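Numbering (our numbering), first residue to last: 47 to 304.
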């Protein structure tokens, strides 16, 4: 375990060094007064604000994380169903793909007020917005995976008497996993952002609601603390996805170790 941790630190040393340098420069700018403290709080002030409101922040973070996870799960289900249908029926592919692309040109900020108006201030409109934000990269990733399968492998299974279900199970689904997890990483980032944006426009709890309150109080140190916590929540989801990816595709871990 210790060796693995040391190896991780060794691999990520440039990124860690860059973050440390960025924080030092940020602190130096604030200490020297190049930027007024009310406009840009120092990392020290942000850390104090984080520690002072830690309980409230984590309570709101759990709400946002819950909305993001629920929306992401429904997004995975919706993306999977759409991708399978579009792969099976070429007419659906030609009909739905332009609509999927157009749906992503509509800003989430424009959709959120309508969802709040239709479904109220509870968790439902937040989850719906997360689904809308996250299902597209999942659908496209799965669809590309399904359509990038080697035709010779499919023909071989057909000669052995395999039907569409077995071809999907043994060829298409395993082949699409790398693209699926790539899309899932993007969708995970979108899910947290979508949840926060929906909370800006109405709600009773969550990081977006907390951010709106501290913004009205001009507590910019607390706003920066929320931004950092949003990043931590996104990184947490990324870590879970990485674990799931290594579990679903153990051969990747073997290849990396070699």
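Beta carbons are placed, not taken as given, at the ideal position from N, Cα and C, and that holds for glycine.
What you are looking at is a predicted structure, and each value in this text was computed from that prediction instead of being measured.
Contiguous alpha helix (DSSP H) elements confined to the region 60-128 occur at 89-98, taking only those with 4 or more residues. Look at residue 295 here: in three-state DSSP terms it is coil, with no helix or strand label. Around the beta carbon of residue 244, a 10 Å sphere encloses 16 or more other beta carbons of the protein chains shown; the residue is thus reported as buried. Two segments are said to touch when three or more pairs of C-beta atoms, one from each, lie closer than 8 Å; by this definition the region 223-241 touches the region 274-281.
The region 141-152 makes no contact with the region 213-232: fewer than 3 CB pairs, one atom from each, lie closer than 8 Å.
Fully contained in the region 183-236 are the following alpha helix (DSSP H) runs of length 4 or more, in chain order: 197-205, 210-213. Residue 199 is a Cβ neighbour of residue 217, given a cutoff of 7 Å. Under the three-state reduction of DSSP, residue 169 is assigned to coil, being neither helix nor strand. Looking at the backbone, the Cα of residue 261 and that of residue 103 are separated by about 14 Å. Within 10 angstroms of the beta-carbon of residue 88 lie 16 or more other beta-carbons, which makes it buried.
Under the DSSP assignment, residue 152 falls outside any alpha helix (DSSP H); it carries neither an H nor an E label. Setting aside the 5 residues that flank it on each side, residue 95 is surrounded in the same chain by 267, 268, 271, each with a C-beta closer than 7 Å to its C-beta; the list follows chain order. Cβ-Cβ distances below 7 Å link residue 222 to 188, 191, 192 in the same chain, with the five nearest sequence neighbours on each side left out; the list follows chain order.
Taking all protein chains in view, the Cβ of residue 196 is surrounded by fewer than 16 other Cβ atoms within 10 Å, so the residue is classified as exposed. Between residue 233 and residue 159 the beta-carbon gap is near 23 Å, outside 8 Å, which marks them as no contact. Setting aside the 5 residues that flank it on each side, residue 252 is surrounded in the same chain by 106, 109, 110, 113, 172, 241, 242, 245, each with a C-beta closer than 8 Å to its C-beta; the list follows chain order. Under the three-state reduction of DSSP, residue 139 is assigned to helix. Counting the other Cβ atoms within 10 Å of the Cβ of residue 291 gives 16 or more, which makes it buried.
Sequence-distant Cβ neighbours of residue 230 in its own chain, meaning closer than 7 Å and more than five residues away, are 184, 287.
For residue 157, the closest of 177, 115, 142, 208 by C-alpha to C-alpha distance is 177. The beta carbon of residue 65 sits closer than 7 Å to none of the beta carbons in its chain outside the five residues before and after it.
In the displayed model, residue 264 falls within coil according to three-state DSSP, outside both helix and strand.
Residue 181 is positioned such that its CB atom lies no closer than 7 Å to that of residue 118. Exposed is the label assigned to residue 136, since fewer than 16 other Cβ atoms lie within 10 Å of its Cβ. Inclusion of residue 254 and residue 162 in the CB contact set at 7 Å is not warranted, their separation being larger than that value. In terms of Cα proximity to residue 186, the closest of 74, 128, 166 is 128. Put simply, the backbone Cα of residue 100 is about 26 Å away from that of residue 170.
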